[in-house]
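Each residue of the sequence shown is one higher than the last, beginning at 2 in the numbering used here.
Heads up, the thing below is written out as structure tokens.
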Amino acid sequence: MISLAGAINDNHVIQIKYGKLKGKDTVERRLEPLAIMFSEYYFYVV
């Protein structure tokens, strides 16, 4: 979480990998995060 906040402050592009719920595919994305939001039990990267 701290490294993500640092990437937001420094305007860095981050790379994430996640698995889809249907199937066994792994997706890789490059993001330029603007903020982190927290709602109930989940964190969201905006």
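Glycine is no exception: its CB is placed at the ideal position from the N, C-alpha and C atoms.
It should be emphasised that the depicted structure is a prediction, and the values quoted were computed from it without experimental measurement.
Counting along the chain, the unbroken alpha helix (DSSP H) around Gly-7 starts and ends at 3–10. DSSP places Glu-33 outside both helix and strand once states are collapsed to three, so it counts as coil. Boundaries of the beta strand (DSSP E) around Val-46: 43–46. Beta-bridge partners assigned by DSSP to Lys-25: none are found.
Taking the Cα positions, Asp-11 is about 32 angstroms away from Leu-22.
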